[in-house]
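Everything in the sequence shown is counted per the numbering used here, starting at 6 for the first residue and increasing by one. Glycine included, every Cβ here is placed at the ideal spot set by N, Cα and C. Here the structure comes first, spelled out in structure tokens, and everything after it is commentary.
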Amino acid sequence: MYLGELAPRNLRGAIGIVPQLFITVGILTAQVFGIRNILGNAEGWPIMLGLTGIPALIELLLLPFFPESPRYMLIQRGDDNNARTALQRLRGWKDVEEEMTEMRLEEQSERAEGQLSVFKLFTFRSLRWQLLSIIFMNMGQQLSGVNAIYYYADSIFSSAGVKENDIQYVTVGTGAVNVFMSIVAVFIVEAAGRKLLLLIGFGICCVACVVLTVALSLQESLHWMPYVSIACVIIYVIGHAIGPSPIPTVITTEIFRQSSRPAAFMVAGSVHWLSNFTVGLVFPFLEKGLGDYSFLIFASICLATFIYIWVVIPETKGSTFLEISKLFAKRNKVEIAMEGEDCNMQEAAMTSFEKNAITTF
């Protein structure tokens, strides 16, 4: 949320993916240190656990020097001067009036909303489809089976003939693929767009789960089928890394405005972790009951999420937060309020529809 508010419009997607990139770097680092010959043993695990405090401490020491969000300063606190100062510091140049104008227009358009709580978010008609979208995307992200794939990976590698001591190195390889594809996502998100990456990602995950089900079912009868299973795991990781993993957070930042964004992230985070917990709790029983066919459930969830994104989620790349709100206003069957005293400023940045519309509930 913080990075999304700081980022310029043309880099908002790329900067929004960077946290996910560092998550994958953290996972890869843990996989490397978790190798038995390094820290993945009885003597080394306390050290490995303690190492996680180092990046947290560095961030804690550096955060006081970070600038406050200009959008927060202007829209929520009405502090024009400090908002301009923060924006100038972030951009590295003095002329930031174009972005200041955009933020003022956003502030005017959401005066009627006020600061929304989580409860109000669920009852606010003009945010109905945005709320449904973040719930579907975060559920789809976790219920698509990403944790189940990692849970099942060791047995898949073992069935393919990988020696037990070498499985840990293959796992590190999948972590490296995850990092690489996250880097790719950073560089292509502004060109390809958020929606396309989500569709490609969930599509790849769906196909990988279906083929993995077939491969697991036939690996006893066809000696080469375990290698197909390994390929499915790697392809799944590639698909998830370019879309389902990084993009939902970017979309959550973009489809909500300043007054509702904090509550939206609370909902998105809750859905994310509840879904994560559900997969971790339920998958062992699914795997025991359905065996190889348990991945068909994840394939169906990927397909359902794919269809929802195709039908509902608009492309948001290069758009202002206000323009994105207009896209959802049509689906919510409301209009965006655009009040303001400075007519010249509005004529320079708005259409006639935006100037005359008022919010209806």
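- Contact annotation: Y241 and C210 have beta-carbon atoms nearer than 7 Å.
- The Cβ-Cβ distance between I80 and Q263 falls below 7 Å.
- A269 is classed as buried because its beta carbon has at least 16 other beta carbons within 10 Å across all chains shown.
- Rounded to the nearest whole angstrom, the CA to CA distance from R17 to S226 is 49 Å.
- I28 is not a Cβ neighbour of A190, given a cutoff of 7 Å.
- DSSP places I318 outside both helix and strand once states are collapsed to three, so it counts as coil.
- Runs of the alpha helix (DSSP H) lying entirely within the segment 176-251, each at least 4 residues long, are 199-223, 230-247 in chain order.
- The Cβ-Cβ distance between L291 and S299 falls below 7 Å.
- Here N15 is exposed, its C-beta having fewer than 16 other C-beta atoms within 10 Å.
- Here H277 is not near N152, since their CB atoms are 7 Å or more apart.
- Check the Cα spacing between G248 and each of M271, G198, R130: the tightest is with G198.
- Inside the segment 37-72, DSSP marks no whole beta strand (DSSP E) run of 3 or more residues.
- With respect to L92, P69 sits apart: the two C-beta atoms are not nearer than 7 Å.
- Using a 10 angstroms sphere on the CB of I252, the tally of other CB atoms reaches 16 or more, which defines it as buried.
- In this structure F311 does not touch G166 by the C-beta definition: roughly 34 Å separates them, more than the 8 Å allowed.
- Scanning its chain for C-beta atoms nearer than 7 Å, with the 5 sequence neighbours on each side dropped, one finds around Q147 the residues H277, S280, N281, V284, in chain order.
- The straight-line gap separating the alpha-carbon atoms of D100 and V182 is approximately 41 Å.
- 7 Å or more divides the Cβ of L203 from the Cβ of I306.
- Between the C-alpha atoms of F326 and G145 there is a straight-line separation of about 24 Å.
- Pairing A236 with L221, the inter-Cα distance amounts to about 12 Å.
- Taking the Cα of R94 as reference, the smallest distance to any Cα among D84, E73, T106 is reached at E73.
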